[in-house]
Structure formats: structure tokens, C-alpha cells
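Beneath this line is the structure, given in C-alpha cells, with notes to follow.
In my numbering, the protein residues as written are 13 to 495.
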């Protein structure tokens with residue numbers, strides 16, 4: 013199959029023919045994306061655990077009515093600690109990834125994740141659970157940076173958008189997985205009702221451990237370090253082709269990209285910057301005159317997902333449906349995440365067929381309309397009846413989100429950067445996503461919790477406001493990166 017394609021030229025019209033021969037690369041892309049499932053698991057974990065009666069009894073406060081309730085400030089702290097730790101860890105990990113490579117970073121993330129999950133499992137009060145969520149957030153931030161970086165550096169340019177969709181689908185699969193596990197746990201009495209979703213998080217470091225010894229280091233990083241011979245060996249592990257000429261072509265392509273990028277860097281007289289001994293020169297270069305617009309576009313793409321309500325709909329679906337009195341709220345949330353997973357998978361070919369800009373710009377305005385309807389339904393006096401209308405529009409929102417900016421936003425954010433600055437740019441995207449996650453995870457419990465804002469569906473008005481900023485900004489800012 014590889015003999016029939018001229019790999020010396022970038023041929024977008026041959027992408028589907030290339031895809032048929034790259035099943036081994038697809039497996040490695042799926043494996044490295046499994047670490048990102050942790051983030052999907054963690055985003056939804058707060059809302060799922062808060063809906064379990066034994067978790068409420070373990071960590072909640074007894075109300076005069078005899079029910080236990082998780083205070084808003086507990087939820088806020090639990091759900092915002094992970095993105096806060098992601099921000100801090102990314103500042104440290106990105107320079108280390110540039111120095112030591114991508115593969116060692118995965119090993120570190122695996123060990124940190126096990127420690128974080130263990131703390132959550134053994135927690136007896138809300139502070140210990142908080143510490144566990146924070147430690148695991150460090151591992152999540154590391155994998156959130158490495159996964160799209162390795163895929164973007166290693167795959168052929170023609171298929172970069174397709175394979176980067178693995179990133180979002182892995183997050184959605186993690187979200188779906190914890191909802192299913194929590195549904196199963198809800199039928200168990202005793203501490204295993206909430207232990208089951210927590211213990212299930214061990215599966216991600218287990219998957220990473222099983223493949224780590226065989227995982228190929230980023231060939232692009234090796235070429236940049238002057239280790240082209242080793243990079244060729246790693247490429248053979250990545251693709252498994254018997255066509256030796258293919259690997260020579262790929263090494264030459266990477267060498268040429270690095271040569272051009274180095275010439276540009278040398279001609280710009282870029283100053284060096286460091287903080288606490290950490291070299292941040294490439295991060296500062298991202299905001300230089302030549303790269304500023306690319307960087308802001310990538311950051312805005314990551315921001316747009318959060319501004320248009322991703323954390324609210326995805327992270328708090330089960331708990332929110334319980335609060336607005338949806339009957340069988342656990343079953344409703346399981347169906348919701350199945351719908352989102354299928355929509356995310358459907359985005360794989362659509363990203364390449366329709367393009368990035370088309371799949372982001374117009375759907376964002378549709379998402380804003382749905383948030384408006386959810387807000388209006390939240391004003392209906394009889395919330396028991398209105399709750400089903402809210403549920404329908406949450407489903408519609410989820411489908412369009414996963415078909416559009418949910419999947420394609422990460423693709424655009426990764427592709428828009430130059431190859432040399434892709435690692436630094438992905439680090440900034442991780443930080444941006446985590447900062448928005450921190451803001452949303454901290455504030456949403458105060459919006460929806462009964463002991464705080466208790467806004468119900470009216471929370472749609474808040475995300476309508478921020479979503480319109482994302483939609484209008486995207487209209488003017490997002491280019492088409494398909495070809």
C-alpha cells in the first residue's frame with residue numbers, strides 16, 4: 013500500500029488511501045490518548061460522586077430534613093483543584109518534555125496518577141479527597157499535553173486532523189465510562205457504591221504501564237536532538253511498514269521542517285527567558301510578533317469550549333438532572349454520554365471532509381441558541397414539567413458540541429502552531445483549558461447547588477453570554493487548517 017503513494021509530497025487527496033495502511037499508528041495514537049481519558053473521568057467525577065447517597069453521607073452535611081447534602085464549597089474545591097494543579101504542572105512539564113522527551117513524561121504521569129487515586133480511595137474527610145484530586149490533576153495535566161503533542165509531531169500532515177480527533181474522543185469515552193461505572197455503583201450498598209468509580213481510575217495508569225516499554229519516543233523530538241538514526245528506528249515501531257524508503261522520506265521531511273524553523277528563529281534574535289531556573293524561552297516566543305496570532309487562535313479555540321458551557325453540561329449533567337427533578341437521572345445521563353461518544357466518533361471523518369472552520373463557527377451560534385432555550389425553560393414555574401424540555405435541549409447541545417468545537421477545537425489548536433513551537437503552544441493550550449476549567453468548576457456549584465444560587469435551567473443565560481463571545485470571536489479568528 014505504501015508503494016502506491018508518493019510520500020515525498022503532501023497529498024491531502026490521498027489521505028483516505030494513507031489511512032488504510034496506518035492501522036499500527038492508529039493503535040499507538042489510541043494508546044497515548046488513553047491517558048487523556050483520565051481527564052474525562054475526572055471532569056465528570058465530581059458530579060457523579062455527589063449524586064451517590066453513600067458519598068453524600070460520607071462527606072456531606074446532615075440537613076434538618078434528614079438528607080445529606082454536599083456543601084457548594086466542598087464541590088467547588090474538589091472540582092477546581094485538579095485544573096489548578098494542571099496549570100502548575102504544565103509550567104514545569106513542558107520544558108522537561110523538550111529536554112528529556114515525551115516518553116519519560118508518561119512514566120511520571122502514571123506514577124503520580126496511582127498516588128492520586130489511592131489518596132481518593134482512602135479519604136475519610138473532604139480534605140483528603142481534595143488532596144487526591146489535586147495529585148491526580150498533575151498527572152492529567154501531563155498527559156493532556158503529551159497526547160496531542162506526540163500525535164501531531166508523529167503523524168503525516170494529511171492525517172493530523174483525523175488522528176487528533178482521538179484526543180477529544182478519549183475525553184468523551186472517559187466521561188462515558190465513569191457514568192456507566194457510577195450507574196453500576198448506585199446499585200451497591202455501602203462504601204463500594206462510591207469506591208467503585210474511584211477504584212476504576214486505576215485502569216488508566218494500568219493501560220499506560222502495559223504499553224509503555226514498547227511505546228516509541230517522538231521521532232520528531234529525536235530528529236531535533238540530532239538523533240536521526242534512532243528516530244528512524246522509532247518510526248519503524250510507529251508504523252510497522254516494510255518499505256524502508258518511507259522512513260527515509262519522513263526523516264528528511266522532519267529535518268527540513270526543523271531546518272526552516274531554526275532559520276526563522278535565528279533570524280528573529282529571540283531573547284532567552286527563565287523562571288525559577290526553568291527555561292521558558294519558547295513559551296515567550298509564542299507571543300512574539302511572528303507567532304502571536306497563531307498562539308491566541310489556539311488559546312481561543314480551547315477557551316471557546318469552556319465559554320460555551322462544556323463544563324456545565326458535561327461535568328455536572330447527572331447532578332444537575334437530579335437537582336431539576338428529572339426522574340431516572342442516572343439513566344438519562346448514561347444515554348447522554350452514549351450520544352456524546354457516538355457524536356465524537358462521527359466527527360472523525362467530518363473534520364477532514366467539511367474542514368475545521370466550518371465545523372466550529374456556525375455550530376457555535378446553534379449552541380448559543382440552545383443555551384438560550386435552556387435558560388428560558390429554567391424560568392418556567394413548574395420545573396418538574398420544564399425539566400424534560402431542558403433535558404432534550406441538553407441532548408441536542410451535546411450532539412452539536414461533540415460534532416463541532418468539542419472535537420475540532422483541539423485539532424485547530426494543535427495544527428495552528430508551527431512545528432517547532434507545537435510543544436510550547438500545546439502547553440499553553442493545556443494551561444488555558446485548565447484555567448477555564450478552574451473558573452468553571454469553582455463557580456458552577458455555586459450556580460446550581462440548593463444551598464447557593466439554585467439557578468436550575470437559568471444557568472443557560474450565563475453561558476449564553478460567554479458563548480456569544482466565543483462564537484463571534486471564532487467567526488473573526490479561526491482560519492481553515494484542513495489543507
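For every residue, glycine included, the Cβ atom is placed at its ideal position computed from N, Cα and C. Source: prediction; values computed, not measured.
Need the endpoints of the alpha helix (DSSP H) that residue 139 sits in, please.
138-166
Please give me, in chain order, every unbroken run of the alpha helix (DSSP H) with length at least 4 that falls completely inside the stretch 163-239.
172-197, 204-211, 215-224, 231-236
Note down the Cα distance separating residue 146 from residue 406, rounded to an integer number of angstroms.
29 angstroms
Determine the closest residue to residue 249 out of 225, 272, 156, 108, with distance taken between C-alpha atoms.
225
In whole angstroms, what separates the C-alpha of residue 180 from that of residue 192?
19 angstroms
Identify the residues that DSSP records as bridge partners of residue 74: which are they?
80
Taking just the CA atoms, how far does residue 337 sit from residue 454?
23 angstroms
Assign residue 299 to one of three DSSP states: helix, strand, or coil.
Reduced to three states, the DSSP call for residue 299 is coil.
Span of the alpha helix (DSSP H) around residue 305
304-319
With 8 angstroms set as the bound, which would you pick, yes or no: does the beta-carbon of residue 61 sit closer than that to a beta-carbon of chain B?
In summary, chain B is missing from the structure at hand, where a single protein chain is found.
Smallest Cα separation from residue 91: which of 354, 78, 112, 53?
53
What separation, rounded to the nearest whole angstrom, lies between the Cα atoms of residue 200 and residue 328?
Looking at the two C-alpha atoms, the distance is approximately 22 angstroms.
Buried or exposed by the 16-neighbour rule on C-beta atoms within 10 Å, applied to residue 162
buried
Comparing C-alpha positions only, which one of 380, 123, 109 sits nearest to residue 218?
123
Using a Cβ-Cβ cut-off of 7 angstroms (strictly less than) and excluding sequence neighbours within five positions of residue 298, which residues of its own chain qualify?
Closer than 7 angstroms at Cβ, skipping near neighbours: 307, 433, 436, 437, 440.
Between the stretch 200-217 and the stretch 383-403, can you find at least three pairs of beta-carbon atoms closer than 8 angstroms?
no
Endpoints, the alpha helix (DSSP H) within which residue 26 is located
Element bounds for residue 26: n/a, residue is neither H nor E.
In whole angstroms, what separates the C-alpha of residue 33 from that of residue 183?
26 angstroms
Name the residue from 267, 78, 457, 166 whose alpha carbon lies nearest to the alpha carbon of residue 228.
Per the C-alpha coordinates, the member of 267, 78, 457, 166 positioned closest to residue 228 is 166.
Quick check: what's the CA-CA separation for residue 106 versus residue 98?
12 angstroms
For the stretch 345-363 against the stretch 64-72, do three or more pairs of beta-carbon atoms, one drawn from each stretch, fall closer than 8 angstroms, so that the two count as touching?
no
Between 171, 258, 474, 316, which has its C-alpha nearest residue 484's C-alpha?
The shortest C-alpha separation from residue 484 is found at 316.
To the nearest angstrom, how far is the alpha carbon of residue 416 from that of residue 371?
Looking at the two C-alpha atoms, the distance is approximately 5 angstroms.
Identify whether residue 21 lies in helix, strand or coil by the three-state DSSP scheme.
In this structure, residue 21 counts as coil in the three-state DSSP scheme.
Would you mind working out which of 185, 102, 170, 149 sits nearest residue 418, comparing C-alpha positions?
185
Would you call residue 63 buried or exposed, if buried means 16 or more other Cβ atoms sit within 10 Å of its Cβ?
Looking at its Cβ environment, which holds 16 or more other Cβ atoms inside 10 Å, residue 63 is buried.
Pairwise C-alpha distance: residue 168 and residue 174:
10 angstroms
DSSP state of residue 57 mapped onto helix, strand, coil
helix
Which value, in whole angstroms, describes the spacing of the CA atoms of residue 420 and residue 346?
24 angstroms
If you count every other CB in all the chains shown that lies within 10 Å of the CB of residue 88, and 16 or more means buried, which is it?
buried
Cα separation between residue 319 and residue 244?
42 angstroms
Under DSSP, the alpha helix (DSSP H) around residue 116 begins and ends at which residues?
114-134
How would you label residue 339, buried or exposed, when you count the other beta carbons within 10 angstroms and need 16 or more for buried?
exposed
Residue 13 classed as buried or exposed, judged by whether at least 16 other C-beta atoms fall within 10 angstroms
With a pLDDT of only 48 at residue 13, under the threshold of 50, the placement of this residue in the model should not be trusted; the figure read from the coordinates follows. With fewer than 16 Cβ atoms within 10 Å of its Cβ, residue 13 is classed as exposed.
Taking one C-beta from the stretch 458-474 and one from the stretch 378-390 each time, how about it: are there three or more such pairs within less than 8 angstroms?
yes
How far does the alpha helix (DSSP H) with residue 323 in it extend, from its first residue to its last?
Residue 323 -> no alpha helix (DSSP H), and no H or E assigned at all.
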